[in-house]
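Enquirer: Using the numbering used here, read the sequence shown as starting at 6 and increasing by one per residue. Each residue gets a CB set at the ideal place from its N, CA and C atoms; glycine is no exception. Bear in mind that the values here come from a model prediction, so they are computed numbers and not experimental data. Sharing a structure with you now.
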Amino acid sequence: MKLKRVRAIAHKEFLHVLRDWRSLGIGIAIPVLMLFLFGYALTLDVDRVPLVVWDQSATPQSRTLVDAFNASRYFTMLPAVADYREVERAIASRRAEIALVIPVDFAGKVAAGRGAAVQAILDGSDSNVASFALGYAEEVVGGYSQKVTVELTRRLGLPAVSGALLKVEPRVWFNTDMESRNYIFPGLIAIVMMVIAALLTSLTFAREWEVGTMEQLIATPVTGGELILGKLIPYFAIGMFDLVLSVLVAEFVFRIPMRGELWLVFASSSIFMVGALSLGMLISIVTKSQFLASQIALVATMLPAFLLSGFVFPIANMPYPIQVFTHIITARYFVVLLRGIYLKGLGLGHLYGETLFLAAFAVLILALSHVKFKKKIV
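This is the structure in structure tokens:
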């Protein structure tokens, strides 16, 4: 292999990318668009849930409970309603996600120290929001109940109980604010790099076959390995440029803290990028059609990376056969790497398994591309 030939092929491919606005769009514009679109739109946090209250008791005790909901950052209080029909309309129209119904005898039961029930009506059409809203409501009611218990024991002259006998004191490590954005964005970088890298190189060889220049390249002294390497270099540079943009956007736009080493992000991303680019190139060599290559690249990268990498949906919750299948999805390992570096500050000593898998995948797919290209020539 001669570096002079590799440099010439890389220079030719660089010029093509600079002249082709579609390649520039795929390589630069689309990653930035995906980062901002998913970064702002994709969130697992549920707060400011619209709440409507039907207070049939209308007593100081019930108003104290309503004030507790109003003070919670998890709820947005809507104007109160006066009957069940209004509650039904508010939930059915999705104006409210949860309705709190306080019974007429609420104050009397609270004053007597008997169990008083309040009804929470939830919109189950969005089970995710409903489950979060129910948990928040139980937390507010639990706090109110604890205060009532303390006041009641004091009034009855019983030994004072300062709070609950048993309580959990949470200590959150790594993502102390429990912001889903801190969890999602490192995975988003992996998804963007996987899809864009495969899309970029999936068009390279197919384009040469379609325009008829592949025969000219084959007629030159350039070997298959030199041609593949020369075509990889420009897109590798674009991919690393996208990584720099992603890190800057994460740091200065979304304020995602990086607890680990920056060099490890770039080193692991370089290995992952070679594998993703080689996969796109393999698709391009096999198909010989730009349209078909781009469609296969999207299906082979975006869907598995988005659904089966643990980016959004926990792998542990998937059926066992699907869990087994995820072990061949490279994005799964890269998502673990980036989250470990960003959120936990882990080093190579903890992440060597994922790194070795990405390196093995890159070598395997690159070698397979070389073999397939030789067969195509024959």
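Inspect the beta-carbon positions of R10 and V227 and report whether they are closer than 7 Å.
Expert: Yes, these two residues count as a Cβ contact at 7 Å.
Enquirer: Would the beta-carbon of L56 fall within 7 Å of that of M82?
Expert: Yes, they are a contact pair.
Enquirer: Rounded C-beta distance between S274 and M198? I'm assuming under 8 Å.
Expert: The pair is a contact, with the Cβ atoms about 7 Å apart (cut-off 8 Å).
Enquirer: If we count Cβ pairs, one from each stretch, closer than 8 Å, do we get three or more for the region 263-274 versus the region 218-232?
Expert: The region 263-274 vs the region 218-232: no contact.
Enquirer: Hey, how far is the Cα of V191 from the Cα of A203?
Expert: For the sequence presented, residue 191 should be read as Pro rather than Val. So the alpha carbons of these two residues sit roughly 19 Å apart.
Enquirer: Pull up the CB-CB distance for I370 and L287, whole angstroms please, since I reckon it's below 8 Å.
Expert: I370 to L287, Cβ: 6 Å. Contact.
Enquirer: Just the Cα atoms here: how many angstroms apart are P65 and A95?
Expert: Taking the straight line joining both Cα atoms gives about 25 Å.
Enquirer: If I follow the unbroken beta strand (DSSP E) through Q124, where does it start and stop?
Expert: Counting along the chain, the beta strand (DSSP E) containing Q124 begins and ends at Q124 to L127.
Enquirer: Report the partner residues of W59 according to the DSSP bridge assignment.
Expert: W59 pairs with V106.
Enquirer: From the DSSP secondary-structure annotation, give me the bridge partner or partners of T81.
Expert: In DSSP, T81 forms a bridge with P55.
Enquirer: What's the call for L170, buried or exposed, on a 16-neighbour Cβ count within 10 Å?
Expert: With a pLDDT of only 49 at L170, under 50, the local geometry of the prediction cannot be trusted, and the value read off the model is given with reservation. Its Cβ having fewer than 16 others within 10 Å, L170 is exposed.
Enquirer: Does the beta-carbon of N187 have 16 or more other beta-carbons within 10 angstroms, so that it is buried, or is it exposed?
Expert: N187 comes out buried.
Enquirer: Quick one: what's got a C-beta closer than 6 Å to P36's C-beta in the same chain, skipping five residues either side?
Expert: Cβ within range, chain order: V197, I201 and D247.
Enquirer: Considering Cα atoms alone, identify which of A104, A122 and A117 is closest to D128.
Expert: Considering only alpha carbons, the answer is A104.
Enquirer: Would you identify the three-state DSSP class for T335, choosing helix, strand or coil?
Expert: Correct three-state label for T335: helix.
Enquirer: Could you check whether A367 and V279 sit closer than 7 Å to each other, using their CB atoms as the reference points?
Expert: Going by C-beta atoms, V279 is nearer than 7 Å to A367.
Enquirer: Roughly how many angstroms lie between the CA atoms of L253 and P262, to the nearest whole one?
Expert: Taking the straight line from one Cα to the other gives about 11 Å.
Enquirer: Output yes or no for whether 7 Å exceeds the beta carbon distance between F296 and L363.
Expert: Cβ atoms of F296 and L363: not closer than 7 Å.
Enquirer: Buried or exposed: which applies to T225, given that a residue is buried once 16 or more other Cβ atoms fall within 10 Å of its Cβ?
Expert: It is exposed - the Cβ of T225 has fewer than 16 other Cβ atoms within 10 Å.
Enquirer: I need the straight-line Cα distance from W214 to L42, nearest angstrom please.
Expert: The straight-line gap from Cα to Cα measures roughly 35 Å.
Enquirer: Who are the Cβ neighbours of V153 in its own chain at under 7 Å, not counting the five residues just before and after it?
Expert: Taken in chain order, the residues that qualify are V115.
Enquirer: To the nearest angstrom, how far is it from the Cα of E18 to the Cα of W26?
Expert: Rounded to whole angstroms, E18 to W26 spans 14 Å at the Cα level.
Enquirer: Please classify G265: does DSSP put it in a helix, a strand, or coil?
Expert: Looking at G265 - three-state DSSP - the assignment turns out to be coil, as it is neither helix nor strand.
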